[in-house]
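**Q** Let me give you the structure first, and then I'll get to my questions.
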């Protein structure tokens, strides 16, 4: 079945049309929920289900690392029954491959051209999809891109495996030990955390604390300890600690070499 291909701009957001179904585009993000509906896929292949898979998570982690952004910057997940899921267009391309070969071929032509700034008329696309020679050329080009991407992923696999082990680790660690795992100087990590909204000090205090937003995300925790002074009085100390999830996030943002985690 040939898809009716059309792209138009409604002056506020770009919309792509596949077989008459609209797929919303906002800046560099595709609406994955629209893609799932357009491809007429099974409910088990909804965006939320796919994003839980190991393959999707590894791809998002690799892309975030390549673009030097947090994974949260790649995804926009709406809340409630009417909420939709949007993602960076390269995540959308990976999702299209998961949905169906035909839909993926369409995305590889129309979506990629839209995002990379080139245009092809609907008539040209129809001709390419119905011309065996042109179609073989598209498949060859696509195959070369897939091979190149697979090679990049294979090169990144040791780092991804290390990140997996970090994420699955139990407990927390102090900033100094976290710096050792990230293979950077402790003072550099302390400075980075303070400059990027992870930690702060209260006026007149030498103790580092984590911002509420980071503790709410499970990236940081606080450890409270009671110690006894020589005069018999007690003192309560508080220490900010980095969780396994936080360490994984830092590894993808800061991009130092990841130490081998046993």
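In our numbering, the protein residues as written are 1169 to 1430.
We treat Cβ as the ideally placed atom computed from N, Cα and C, and that holds for glycine.
1. Check whether the region 1394-1405 and the region 1223-1239 touch, using three or more Cβ-Cβ pairs below 8 Å as the test.
2. Whole beta strand (DSSP E) runs in the region 1205-1256 with 3 or more residues, listed along the chain?
3. Can you check which of these residues, 1253, 1364, 1192, is closest to residue 1417 by C-alpha distance?
4. According to the Cβ coordinates, are residue 1203 and residue 1262 closer than 9 Å?
5. Exposed or buried, which one is residue 1287 when buried takes at least 16 other CB atoms within 10 Å?
6. Excluding the 5 residues flanking residue 1206 on each side, which residues of the same chain have their C-beta closer than 6 Å to its C-beta?
7. Suppose only complete runs of 3+ residues qualify. What are the beta strand (DSSP E) ranges in the region 1348-1407, listed by chain order?
8. Can you grab the Cα-Cα spacing for the pair residue 1246 / residue 1400, in whole Å?
9. Using the Cβ count rule (16 or more neighbours within 10 Å means buried), how would you classify residue 1272?
10. If I measure Cβ to Cβ from residue 1289 and keep anything under 6 Å in the same chain, skipping five residues before and after, which residues do I get?
**A** Looking at the atomic coordinates:
1. These segments do not touch.
2. With a minimum length of 3 residues, the continuous beta strand (DSSP E) runs that stay inside the region 1205-1256 are 1243-1245, 1253-1256.
3. Taking the chain shown and counting its residues from 1, one reaches residue 1417 at position 249. Of all alpha-carbon atoms in 1253, 1364, 1192, the one lying nearest the alpha-carbon of residue 1417 is that of 1364.
4. Looking up residue 1203 in the chain shown gives position 35. Looking up residue 1262 in the chain shown gives position 94. The Cβ atoms of residue 1203 and residue 1262 lie no closer than 9 Å to each other.
5. Counting from one through the chain shown, the residue named residue 1287 turns up at place 119. Summary for residue 1287: the model assigns pLDDT 49, below 50, so the residue's position carries little reliability; its value from the coordinates is reported in the next sentence. Counting C-beta atoms within 10 angstroms of its own C-beta, residue 1287 has fewer than 16 neighbours from the protein chains shown and is therefore classed as exposed.
6. Along the chain shown, read from residue 1 onward, the residue named residue 1206 stands at position 38. Closer than 6 Å at Cβ, skipping near neighbours: 1186, 1189, 1191.
7. Annotation note: the region 1348-1407 contains the following uninterrupted beta strand (DSSP E) runs of length 3 or greater, listed N- to C-terminal: 1367-1369, 1376-1378, 1388-1396.
8. In the chain shown, counting from the first residue as 1, residue 1246 sits at position 78. In the chain shown, counting from the first residue as 1, residue 1400 sits at position 232. Cα-Cα distance, rounded: 54 Å.
9. In the chain shown, counting from the first residue as 1, residue 1272 sits at position 104. Residue 1272 comes out buried.
10. Position 121 of the chain shown, counted from the start, is the residue given in the question as residue 1289. For residue 1289, the pLDDT reaches just 49, beneath the cut-off of 50, and the residue's location in the model is therefore unreliable, although a value from the coordinates is still provided. The beta carbon of residue 1289 is closer than 6 Å to none in its chain, skipping five residues each way along the sequence.
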